[in-house]
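Numbering (my numbering), first residue to last: 2 to 115.
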């Protein structure tokens, strides 16, 4: 998805822009559901609602990003705003890839059986 933001920067008006926007829409909000499901899978039954609350609460950190993007657009042009968006998504992807998630109860049960 981060790469699609970079593509959006250089997409020509017309079919390239349309295909890029459709691809972005395919991934943009569906990933949020996957992140919530992964967090709930790792969390115990008693704390699932707390985990979801923390995820939504942490999203407030992202409220500064539109302000930063606006400053970038004003000072350096709209194209650089898309580069900023893509860089932030790739940074988040890197952080998530380096984060070690604990095994779920189902995974531990399968290891005992297998």
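Think of the CB as a built atom: it goes at the ideal place given N, C-alpha and C, for glycine as much as any other residue.
Pick helix, strand or coil for residue i, following the three-state DSSP scheme.
i	result
residue 101	coil
residue 30	coil
residue 75	helix
residue 89	helix
residue 67	helix
residue 24	helix
Which residues in the same chain as residue i place their Cβ atom closer than 8 angstroms to its Cβ, once the five residues preceding and following it in sequence are excluded?
i	result
residue 44	51 and 52
residue 1	With the chain represented from 2 up to 115, any question about residue 1 goes unanswered, as that position is not in the structure.
residue 47	none
So the candidates are the options; which of them puts its Cα closest to the Cα of residue i?
i	options	result
residue 10	79, 103, 106 and 109	79
residue 35	112, 97, 108 and 113	97
residue 93	58, 33, 111 and 55	33
Excluding sequence positions up to five away, which residues of its chain have a Cβ less than 6 angstroms from the Cβ of residue i?
i	result
residue 20	none
residue 41	49
Starting from residue i, trace the alpha helix (DSSP H) in both directions and tell me its first and last residue.
i	result
residue 47	Careful: residue 47 lies outside any alpha helix (DSSP H) and carries neither H nor E.
residue 110	106-114
residue 3	3-11
At least 3 beta-carbon pairs within less than 8 angstroms: the stretch 88-95 vs the stretch 26-33: No, the stretch 88-95 does not touch the stretch 26-33.
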